[in-house]
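Colleague: Counted the way this note's numbering counts, the sequence shown spans residues 426 to 614.
Even for Gly, the Cβ is constructed at its ideal location relative to N, Cα and C.
Below: one structure in structure tokens.
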Amino acid sequence: MGVSIDLVSIKSFYFLKEELVQFCRDHGLPTAGGKEELTKRIKFFLETGKVTKTSSAPVHIQSTKEANRVVDLQTIIEQNFICSEQHRAFFKKHLGNTFSFNVQFQTWLKTNAGRTYQEAIEAYGRIQKEKKETKSEIGAQFEYNAYIRDFFADNKGHSLDEAIKCWKYKKSLIGHNRYEKTDLVALKK
């Protein structure tokens, strides 16, 4: 991206996060945030010439009391749950070394204060099972991932190289970046 970017191109074409960050640097805009936030910031700048402030989440510092708290199966999940190393160690002990905090489980923990850690372990099992059985939603900022998943859902037996070729073709077009059967024309070139 360079100085020649305009409002039409930012609305019509796909840009890598690195390109959006570089544009922000070149124009004195804040570079913090994800692709979606950067794109909104650039659009606002191109429409108004003004710089928006970044939204920063409050930083939580773990108290000594929280750090020294013993967690067992009957411990009650606290308000404002934080995914700490202490919690990670607890869940790895009870769920195995493959445990990781995923978005669904973090949401469950944060919305179920007052329940026990035993219930959290049971919920984790349900969440993992549901993840295997259902198609998870991919965030809007992950257009590439969504495109590749949809490509393979519609084209069994094709290679990742073919999917990427279609993706590159799609992002060169004006408009959305969702997979469509017509994108297969890129494989005939």
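Mind checking who I501 pairs with in its DSSP beta bridge?
Modeller: I501 pairs with T541.
Colleague: Measuring straight from C-alpha to C-alpha, what distance separates F577 and A588?
Modeller: C-alpha separation (whole angstroms): 8 Å.
Colleague: For F470, count neighbouring Cβ atoms within 10 angstroms of its own Cβ and tell me buried if that reaches 16, exposed if not.
Modeller: The residue is buried, with at least 16 neighbouring Cβ atoms inside 10 Å.
Colleague: Tell me the rounded alpha-carbon separation between G453 and K475.
Modeller: Each residue's Cα considered, the two are about 10 Å apart.
Colleague: Tell me which same chain residues have a C-beta within less than 6 Å of the C-beta of E544, skipping the five on either side of it?
Modeller: Within the same chain, E544 has no close Cβ partners at all.
Colleague: Between which two residues does the alpha helix (DSSP H) containing W528 stretch?
Modeller: A small fix is needed here, since residue 528 is Val in this sequence, not Trp. Element bounds for V528: V528 to T536.
Colleague: Quick check: what's the CA-CA separation for P455 versus C449?
Modeller: Computed Cα separation, rounded: 6 Å.
Colleague: In whole angstroms, give me the CA-to-CA distance for L432 and Y439.
Modeller: Between L432 and Y439, the C-alpha separation is close to 13 Å.
Colleague: Kindly list the residues whose CB is nearer than 7 Å to the CB of N674, restricted to its own chain and excluding five residues on each side of it in sequence; keep chain order.
Modeller: No answer is possible for residue 674: the residues shown for the chain start at 426 and end at 614.
Colleague: Measuring only the C-alpha atoms, how far is K556 from S525?
Modeller: Roughly 14 Å between the two C-alpha positions.
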